[in-house]
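Structure first, then comments.
In the working numbering, the protein residues as written are 28 to 138.
Below, the structure written as structure tokens:
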């Protein structure tokens, strides 16, 4: 079973590398050329799963991390999104004020 899955995956990668649209028929053609008997349902499922996606981008972002958001995050963002967006701006202004006050005291990095 693992060799069938690998054959379908490799066929998909070949198509993506050549810039050819990934379809079930093309996956089946490549696997048949490699003497691997793949059931058509698996090729169609793989093609549907990758439909509209750029496989090269998926491969280059494997370790990017972008995990799923927390369950309560969409609700919190919808409820107080504007207030939450303004809070970091206020904090940044406070931090800038601290940096300026150090300069007024006469202490510098290269004094």
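Using N, Cα and C, we set each Cβ at its ideal position, and we do this for glycine too.
In this structure, DSSP gives residue 57 a helical state, which the three-state scheme calls helix. When the Cα atoms are used, residue 46 and residue 35 turn out to be separated by approximately 17 Å. Per DSSP, residue 41 is one residue of the alpha helix (DSSP H) stretching across 29-45. Membership of residue 82 in the alpha helix (DSSP H) is indicated by the continuous run 82-87. Leaving aside the five residues that flank residue 54 on each side, the residues in its chain whose CB is nearer than 8 Å to its CB run, in chain order, 35, 38, 39, 42, 65, 70, 73 and 74.
By the 16-neighbour rule on beta-carbons within 10 angstroms, residue 49 is buried.
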